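Read the structure below first, then the notes.
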Amino acid sequence: MDCHKCKGGKKVHLSLKDDHNCVCDKVKKIVQAQRQVEFDCDSSCHQFIQQLKGDQHRVQHTTIPFMLYCESTCKPFIGSGYVQKKTRCSSDHYYQYIETPFFKAKDVDKKCCAKLELLLPDTDFCCEHHCCDPCTCSYKDNPIKRFLATGVCLTVDLNKFIGINCLAPNTPIDMGAY
15 MDCHKCKGGK
25 KVHLSLKDDH
35 NCVCDKVKKI
45 VQAQRQVEFD
55 CDSSCHQFIQ
65 QLKGDQHRVQ
75 HTTIPFMLYC
85 ESTCKPFIGS
95 GYVQKKTRCS
105 SDHYYQYIET
115 PFFKAKDVDK
125 KCCAKLELLL
135 PDTDFCCEHH
145 CCDPCTCSYK
155 DNPIKRFLAT
165 GVCLTVDLNK
175 FIGINCLAPN
185 TPIDMGAY
């Protein structure tokens, strides 16, 4: 692959070895830190990774939630999918559509393909004014209290994103237990 980058008005040849994807690198570090916590039972990604790996005497969290920013629009990437839910009055199931800009990194391969779990934000507003259904709650105008692990995963190419915004470590609640 022949790549060029302008530097000081000159074209500079870049090889694939020079190609650097800081979003992919951060997500890889998040996955590594989360694995250490799982196995060992200022707001930057680096700081949150250190917090997650840090003091064993503090409450240990399992996740660094994050948002990704699309290369073409500079806007947050919105992941979507369907969660399977039970009806309240019977054992029947139905599918509820969800979308969210919040993710938990599950895995990243050498080519920067990442398996991400969709995390739903939960706010106090939801339970005060709705039926406590996080799928129908707006998080944009309300403080996020915690995250719900949906179990819905998607695979993305991290090379297609230009930015990442990490949130403080926490432990998402299993949506089925909610």
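Remember, my numbering sits 14 above the position in the sequence shown when you count from 1.
Note that CB positions come from ideal geometry on N, CA and C, so glycine has one too.
Since the model is a prediction, treat every value here as computed from it, not as a measurement.
- In terms of Cα proximity to T76, the closest of A119, C36 and E85 is A119.
- In the DSSP secondary-structure assignment, G93 is bridged to T114.
- Annotation: K125 is outside any alpha helix (DSSP H) and is labelled neither H nor E by DSSP.
- Residue environment analysis places K42 among the buried positions, since at least 16 neighbouring C-beta atoms fall within 10 angstroms of its C-beta.
- Scanning T87, N184, Q110 and S105 for the CA closest to the CA of Y96 turns up Q110.
- According to the DSSP assignment, I63 belongs to the alpha helix (DSSP H) that extends over C59 to K67.
- Within the same chain, and ignoring the five residues on either side of L181 in sequence, the residues whose Cβ sits closer than 6 Å to its Cβ are P79.
- Around the beta carbon of E85, fewer than 16 other beta carbons lie within 10 angstroms, which makes this residue exposed.
- The C-beta distance from P115 to M81 rounds to 5 Å, short enough to fall under 8 Å.
- The three-state reading of DSSP puts I44 in helix, counting H, G and I together.
- For M189, no beta strand (DSSP E) encloses it, and the DSSP letter there is neither H nor E.
- DSSP places L82 inside the beta strand (DSSP E), whose first and last residues are F80 to C84.
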